[in-house]
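Going by our numbering, the first residue of the sequence shown is number 45, and it counts up by one from there. All C-beta atoms, glycine included, are put in the ideal place defined by N, C-alpha and C.
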Amino acid sequence: MKKLFIITMMLVIFGALRADASTRGSLEYIFYYYPSERGYESVKKHYRDIDILAPQIYTVGYNLTLGDVESKDILELAEKKRIDVMPLVVQANFDKALMTQLLNDENAQDELIADLIDEARDRDFIGWQFDFENINHLDRDRYTTFVEKSYKAFKKKKLVLSVAVIPRTTDYNPFATSQDWSSGYNIGDIAEVSDFVSIMAYDDPKSLGPVASVPYVKATLEHTLKDTPSEKISLGIPFYCWQYELGNSKKIANVPYDISANTQTKYKKNGVFSLYLDAFDAEIFAFVKDTGFVNYIWCDNVESFKVKVKLAKEKGLRGTSGWAIGQEDARIWKEI
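Listed below in structure tokens is the structure:
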């Protein structure tokens, strides 16, 4: 009995040391989830490495109210595996006019906040991430005010509020005739009135290649860090790839990593090649389709992931936010 007690105590102490060593100074890994079989299976397989699961399964409709949960199976799996859940909430179709309407309706905001709190408490969520996009740049201050109001209400119920934001590489100019989706966020102010922000450092609007080359990611981080504390930033990392056809500058598809890599086998007889380019920290797969057209796909692979995780650590960021689980290079799980 004495030996058993000693062994038990040693295991407890060792476990505590392991937990302390693994969490001290480590990153928080958030994995976004979009309902799909491959996403569900990846969560099921890798749940131990998921700090927070953030499923995109709630929508604010055109009636300005919170819709019903759109995928219960992932919540049942998360509950079974005891994964912390922080769902995303979006506006229907990322509709700009809908957001303007919501941001000018105090009563609708109050009802929405109350519904979010009730849903979180009923389902044992740790909180929410606002993923409202395509916000009119003239509404950016109203959006910050809405975030602040929500944050204060959430804090009273001990709920986390994070905000997905689109970063910039240049200063916002309210007088510019051309505004993009990043113009709707004052990231520094939003970070101040929320627990943290996840910067969507992907979908580089000027890229004709990688989804998020490291030079682009560094530029977004450098600009964001000017007025946002590093510990309040979670770095968005894309798991999907962009596919192009030679002669067409516009991407033709978003593709999961494993499907991209499988082109090297599928079209081997036609001609294929793959290469990791250090200049972008991205992988390219090229192949000739049966139609004779040359296609190429740019991906973030495990090496890209390692570079971005290293960057997040060097900058002292809170963690990373990966879109979306099920699309990733499976080798990344050995790096977490």
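DSSP, reduced to helix, strand and coil, places residue 369 outside both helices and strands of the structure shown, so it counts as coil.
Contact between residue 338 and residue 332 holds: their C-beta atoms lie close to 6 Å from each other, under 8 Å. With 16 or more other Cβ atoms inside 10 Å of its own Cβ, residue 362 counts as buried.
Taking 8 Å as the cut-off, the beta carbon of residue 324 is found closer than this to the beta carbon of residue 254. Between residue 200 and the set 177, 281 and 165, the nearest pair of CA atoms involves 165.
In the three-state DSSP reduction, residue 353 falls in the helix class (H, G or I). Boundaries of the alpha helix (DSSP H) around residue 259: 258 to 268.
Cβ neighbours of residue 348 within its own chain (closer than 6 Å, five residues either side excluded): 325 and 326. Taking the C-beta atoms as reference points, residue 160 is found no nearer than 8 Å to residue 106. For the beta strand (DSSP E) assignment, the uninterrupted runs of no fewer than 3 residues enclosed by the region 191 to 229 are, from N- to C-terminal side, 204 to 209. Straight-line spacing of the CA atoms in residue 173 and residue 315 works out to 44 Å. Per the C-alpha coordinates, the member of 238, 353, 194 and 176 positioned closest to residue 227 is 176. DSSP assignment within the region 103 to 138 yields the following whole beta strand (DSSP E) runs of 3 residues or more, N-terminal first: 132 to 135. Between the alpha carbons of residue 309 and residue 272 lies a distance of about 45 Å.
Note on geometry: alpha-carbon atoms of residue 205 and residue 250 lie some 31 Å from one another. Counted as a single uninterrupted DSSP element, the stretch harbouring residue 87 is not any beta strand (DSSP E) but the alpha helix (DSSP H) occupying residues 81 to 90. Taking 8 Å as the cut-off, the beta carbon of residue 261 is found closer than this to the beta carbon of residue 352. Among the bridge pairs identified by DSSP, residue 179 is matched with none.
Rounded to the nearest angstrom, the gap between the Cα atoms of residue 350 and residue 170 is 28 Å.
If you draw a straight line from the Cα of residue 341 to the Cα of residue 139, it comes to about 30 Å.
Fewer than three Cβ pairs drawn from the region 285 to 296 and the region 212 to 232 lie within less than 8 Å of each other, which leaves the two stretches out of contact.
Taking C-beta atoms as the reference points, residue 96 and residue 72 count as a pair closer than 8 Å.
By the criterion of a C-beta distance shorter than 7 Å, residue 357 is surrounded in its chain by 71, once the five residues flanking it on both sides are discounted.
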